[in-house]
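Below is one structure, written out as structure tokens; the observations come after it.
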């Protein structure tokens, strides 16, 4: 039986994701599909529109067999680090094939990874001006333009795979229609970018029913949809009451950013919005996404040691499964080196899952739903 | 010319306060009336219903000549410490008489202070069970019941006065009508307790027009009225993202309270209210007010050294004055040992006024009005 992995955010689960799951089933009819999904805070430094339990349920009910959470320490990160955290889990779970969308499915990602093996990033100071330099270096080495976001992510998977002993067969699938950053819901296609769907859902101006499975439409309609607008008062308060020494301890806080972050906010006054503040603190060196990631790290009070602990002590947090996923899990369980967390105890919350637990506490302030204690995986 | 002092919170300025000011004018017709008023966080561990600028303006327009802010380090404290902070400022400003309301104006507060000189409190662990023991000790020594809140406060003024060299003549004025903790607006009297007025104003169920001067009624109608309901999300977030070591650094956090505070909150889930949480963490030893004061200290991230700094480096922060008040200020200015702060510079915000500045930043998140930069005293 094929064991196929997908790395994703499902923010939220839309028709493009469904198309991908169905494509996997077409190509690998007997496959068990394992998804590593970001939790409540995401790669571009923002809260998820719906909580991880809701999104995991959407995935399972749309054909995914097992959903595992990517620890937040890896979620709010640049592509290489994000990919490494996810693939490490997939490897442990016996995944053999990785399916991912790419703007150019004809690229040989494995080869590109081999060629660019010696291009390294300093992930503790992740910043986009580095990202640009990185893209240029890759293009110089491979002759291929990887500036498109899904191609770049594909390369990140390929590089992580190489690092982890090339356990995966890489299966890029041509992305349909929507460009990653399209802000409009297309009229002629049922596939839209996740970000266009979020915009529409958050502003409640347009129906997203044509662009997401029914279940997602209901979740977006009935559930608590969250964004930085909700968490901004907490972040603002945190920055205003922290001193610069405390801010300096936050993961990714380099080159005196703590002064800039605090000073700009105090000067801008109490009515400032999240976007206005980010626009004020970003720069050529520290781009929008760099700053939103740091903003998330401040919000979660994530320090260097919090991230390092997760790097050093991996675990597998189960969010949902169906029978097929459960059977697979049972079949690999005895060989697993990483602890499996299905229910969170006090002890696990205080140790192994410390940062995820804290992120869940913060997220639950607005989602209204507990994220850990008392929650068990969704079972279909 | 008489220089008369009043120590108050004006939360908000009501008919009882107006009666007191008019009573001073009747007894001391030429007096300059100087008020030391708490800022945006108050003795019982709660945010002020209206910001300090609004309340200072109410005071000046109702006949007070000069309003000086009591630093927050002294505001959110038991009576003795509160009184000491306030009287230290009044002494510096040349005040000779202290007027205060008492349930029993016939008490000889100065004598009671003399008799109880050796009854001490440990103010760094202020707690109400101490408070009860303290009241009993006082009653044993003086034969007088000081359990009524204004009598007890009067004794605190008398004790602070004794400590500061008995510079003041104490002038208790019989309190009219409303008991301090009455929760109903009385129909037959135009004087109500501040707490009944706040309740009515916050819930917008009843008009307070009969119980406050016109200006206060307008302020309550048009201004932003704040309570713990507003600040609770910030406090909750702070507790959830702080670890116990960080909580332990907060002023007044003793005997492992940090564990209790954090643990109860996590167990109660995201929907818990401020009052529910306080009810859960309070105990016989740590009463409601003890816990709301600690809650305020956490909200403001006030540490021991923040409080000590203000104790050691007093200052006079001017919130408002009329001509008479300004003339008095000018006449004493040259002799003052404490720095006078009329406008807050970056330097003053970062040093002398650090804690007040931080409290202002927090308060302004909901009042919407800056509390420091760009603000100058109200002038009538």
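Protein chains in written order, with my numbering: chain A, 8 to 387; chain B, 8 to 387. For each residue, glycine too, the CB sits at the ideal point set by N, CA and C.
Item	Value
Whole-Å CB distance - residue 183(B) paired with residue 204(B), under 8 Å assumed	About 15 Å; that fails the 8 Å criterion.
Contacting residues, own chain, Cβ-Cβ under 7 Å from residue 251(B) (five flanking each side not counted)	265, 266 and 269
Expected contact under 8 Å - CB spacing of residue 233(B) and residue 54(B) to nearest Å	5 Å
Any chain B beta carbon closer than 9 Å to residue 6(A)	Residue 6(A) is absent from the structure shown; chain A starts at 8 and stops at 387.
Span of the beta strand (DSSP E) around residue 104(A)	104 to 109
Cβ pair residue 248(B), residue 369(A) closer than 9 Å	yes
Buried versus exposed, by CB contacts within 10 Å (16 or more), residue 350(A)	exposed
Straight-line Cα distance separating residue 50(B) from residue 353(A)	36 Å
Amino acids of chain B, ordered along the chain, whose beta-carbon sits closer than 7 Å to that of residue 276(A)	377
Cβ-Cβ separation, residue 11(A) to residue 43(A) (assumed contact under 8 Å), whole Å	Actually they are not in contact, since the Cβ atoms of residue 43(A) and residue 11(A) sit about 12 Å apart, beyond 8 Å.
One or two residues paired with residue 177(B) in a DSSP bridge	105(B)
Bounding residues of the alpha helix (DSSP H) (the contiguous stretch that carries residue 328(B))	Element bounds for residue 328(B): not the alpha helix (DSSP H) but the beta strand (DSSP E), 323 to 328.
Meets three-Cβ-pair contact criterion under 8 Å: the region 90 to 104 of chain A and the region 354 to 368 of chain A	no
Neighbour flag for residue 176(B) against chain A, beta carbons, 9 Å	no
Touch test, the region 339 to 350 of chain B against the region 371 to 384 of chain B, Cβ-Cβ under 8 Å, three pairs minimum	yes
Cut-off 7 Å between Cβ atoms - residues of its own chain near residue 158(B), not counting five sequence neighbours on either side	109, 110, 111 and 114
Classification of residue 389(A) by the beta-carbon crowding that lies within 10 angstroms, buried from 16 upward	Within the shown structure, residues of chain A are numbered from 8 to 387, placing residue 389(A) beyond reach of any answer.
Inter-stretch contact at 8 Å, needing at least 3 Cβ pairs: the region 291 to 298 of chain A / the region 327 to 343 of chain A	no
Whole beta strand (DSSP E) elements within the region 276 to 323 of chain A, 3-residue minimum	none
Completely contained alpha helix (DSSP H) runs for the region 211 to 252 of chain A, where each covers 4 or more residues	221 to 229 and 235 to 248
Beta-carbon contacts of residue 170(A) that lie in its chain and below 7 Å, excluding the five residues immediately before and after	91
Neighbourhood of residue 356(B) by C-beta, 8 Å cutoff - its chain only, sequence neighbours within 5 removed	364, 379 and 380
8 Å contact criterion, which residue 46(B) and residue 82(B) should meet: CB distance rounded	6 Å
Extent of the continuous alpha helix (DSSP H) run through residue 119(A)	116 to 122
Any chain B beta carbon closer than 9 Å to residue 54(A)	no
Test: residue 308(A) CB closer than 9 Å to a CB of chain B	yes
Three-state secondary structure assigned by DSSP to residue 67(B)	helix
Bridge partner(s) assigned by DSSP for residue 44(B)	15(B) and 76(B)
Distance cut-off 8 Å: residue 243(B) Cβ against heavy atoms of the ligand PLP	Annotation note on the ligand PLP: not contained in the displayed structure, which lists no ligands.
Minimum C-alpha distance to residue 34(B) - residue among 8(B), 52(B) and 344(B)	8(B)
Stretch-stretch touch, CB-based, cutoff 8 Å, three pairs: the region 302 to 319 of chain A with the region 234 to 245 of chain A	yes
For residue 327(B) and residue 320(B), the rounded distance between their alpha carbons	22 Å
Start and end residues, alpha helix (DSSP H) containing residue 91(A)	86 to 99
Selected residue, minimal CA-CA separation from residue 216(B), among 209(B), 225(B) and 210(B)	225(B)
Under 9 Å from the C-beta of residue 2(B): neighbouring residues of chain A	Within the shown structure, residues of chain B are numbered from 8 to 387, placing residue 2(B) beyond reach of any answer.
Whole-angstrom C-beta distance between residue 96(A) and residue 73(A), which should lie under 8 Å	Residue 73(A) to residue 96(A), Cβ: 11 Å. No contact.
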